[in-house]
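Just so you know, we're using our numbering here: the sequence shown kicks off at 38 and counts up by one.
Beneath this line is the structure, given in structure tokens, with notes to follow.
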Amino acid sequence: MDPASVTIGKAVADLGGFRPEGNACGFSLYRSGDAELVRVPGLHIFQNNLDSEIEEAFGIRPETLIFLSTHRSERNIPAITFHPLGNYGTADLGGISRRLVHSPSSLLTSSMIQAAERGRGNGYEITFEATHHGPYLECQAFFAEIGSNMRAWTDGKAAALIAESLLNATQLNPVTAVGIGGGHYCPRFRDIAIRHRISFAHFIPNYALRNIDGRLADEVLEKSGKPTILAMHISRGFEEEAERVATLFLDRGLDIFDPSREYSK
38 MDPASVTIGK
48 AVADLGGFRP
58 EGNACGFSLY
68 RSGDAELVRV
78 PGLHIFQNNL
88 DSEIEEAFGI
98 RPETLIFLST
108 HRSERNIPAI
118 TFHPLGNYGT
128 ADLGGISRRL
138 VHSPSSLLTS
148 SMIQAAERGR
158 GNGYEITFEA
168 THHGPYLECQ
178 AFFAEIGSNM
188 RAWTDGKAAA
198 LIAESLLNAT
208 QLNPVTAVGI
218 GGGHYCPRFR
228 DIAIRHRISF
238 AHFIPNYALR
248 NIDGRLADEV
258 LEKSGKPTIL
268 AMHISRGFEE
278 EAERVATLFL
288 DRGLDIFDPS
298 REYSK
């Protein structure tokens, strides 16, 4: 059992007014208006094609799946994170090697912004994470997570913050960005999103830069909707790889993020 998933799921159900609708194929369905909450058995990161399985069970083809999940980190820092799905390398944690999942950039980014602004001073680092792990899906998806220990995973207040952020996410302006460089956590891209109200779709961290070629750059663009901006965090020791990857995206029509520009207007 994923303890954070249970805690966040309860908060979403309570705050969103979700009511039981039925059970099928091991899944439990809850509904509130035009939104569904689905409880699934097993570890979600390995459940490729879960969107198709939900359709088979309930006759509902999901447009977007939001996974409520446990976050783990070696540093054990309290964190609330949001991230898109996919693998730039091998599929060691679910999904498909060198394949990404469509990112609902506006919903992903708005949810993170809502959490960051509502949760100031609550003791949690609230940020994006780089694109990673499965499952592979044909629909849009992202993860919303609490970490990094049992105290955090069962924290009802943190779970309620995530639930409120997801339920109150709003449409951002249509400018969408891809972020490249930096570490696994993406505080610089978080700050850009908050200040400029631009949506981020996928993030390529330093450790994945060497895997990016033309085919994978095309995959990033395809699974990001219609991005127009490339935001860069060039770290020491990764300058050449970052410039090489940036050129792939610039050659495909993206523009470098300009901090002096008012993207929100």
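All C-beta atoms, glycine included, are put in the ideal place defined by N, C-alpha and C.
- In the three-state scheme derived from DSSP, where H, G and I count as helix and E and B as strand, glutamine 208 is classed as coil.
- Rounded to whole angstroms, the separation of the alpha carbons of valine 138 and alanine 94 is 22 Å.
- With fewer than 16 other CB atoms across the displayed protein chains lying within 10 angstroms of its CB, asparagine 113 is exposed.
- With contacts defined by Cβ atoms closer than 8 Å, phenylalanine 179 and proline 141 form a contacting pair.
- Serine 261 is not a Cβ neighbour of threonine 207, given a cutoff of 8 Å.
- In chain order, Pro78 place their CB closer than 7 Å to the CB of glycine 63, counting only its own chain and leaving out the 5 sequence neighbours on each side.
- Take alanine 197, set aside five residues on each side of it, and the residues of its chain with a beta-carbon closer than 7 Å to its own are Ala48, Leu52, in chain order.
- Burial state of aspartate 88 is buried, judged by a 10 Å Cβ sphere holding 16 or more other Cβ atoms.
- At the C-beta level, alanine 153 and isoleucine 231 come within 8 Å of one another.
- Excluding residues up to 5 positions away in sequence, nothing lies with its Cβ nearer than 6 Å to the Cβ of glutamate 280 in the same chain.
- Only residues of its own chain outside the window of five on either side were considered, and among them Leu105 have a CB closer than 6 Å to the CB of glycine 46, listed in chain order.
- Under the DSSP assignment, isoleucine 150 falls outside any beta strand (DSSP E), being part of the alpha helix (DSSP H) whose first and last residues are 142 to 155.
- Aspartate 295 sits away from leucine 267, with the two beta carbons spaced by 8 Å or more.
- Per DSSP, threonine 164 lies in no alpha helix (DSSP H) segment; the continuous beta strand (DSSP E) that holds it begins and ends at 162 to 165.
- In this structure proline 242 is buried. Its beta-carbon is surrounded by 16 or more other beta-carbon atoms within 10 angstroms.
- Per DSSP, reduced to three states, the secondary structure at histidine 233 is helical.
- Between proline 172 and glycine 132, the gap from beta carbon to beta carbon is short of 8 Å.
- Our two residues, leucine 80 and threonine 44, have alpha carbons roughly 16 Å apart in a direct line.
- Note on leucine 287: under 16 other CB atoms within 10 angstroms of its CB, so exposed under the neighbour-count rule.
- Contact between alanine 254 and arginine 289 holds, with the beta-carbon distance rounding to 6 Å and staying under 8 Å.
- If you look at valine 257, you'll find it isn't in any beta strand (DSSP E); it sits in the alpha helix (DSSP H) that goes 251 to 259.
- Here the C-alpha atom of glutamine 84 lies approximately 16 Å from the C-alpha atom of threonine 107.
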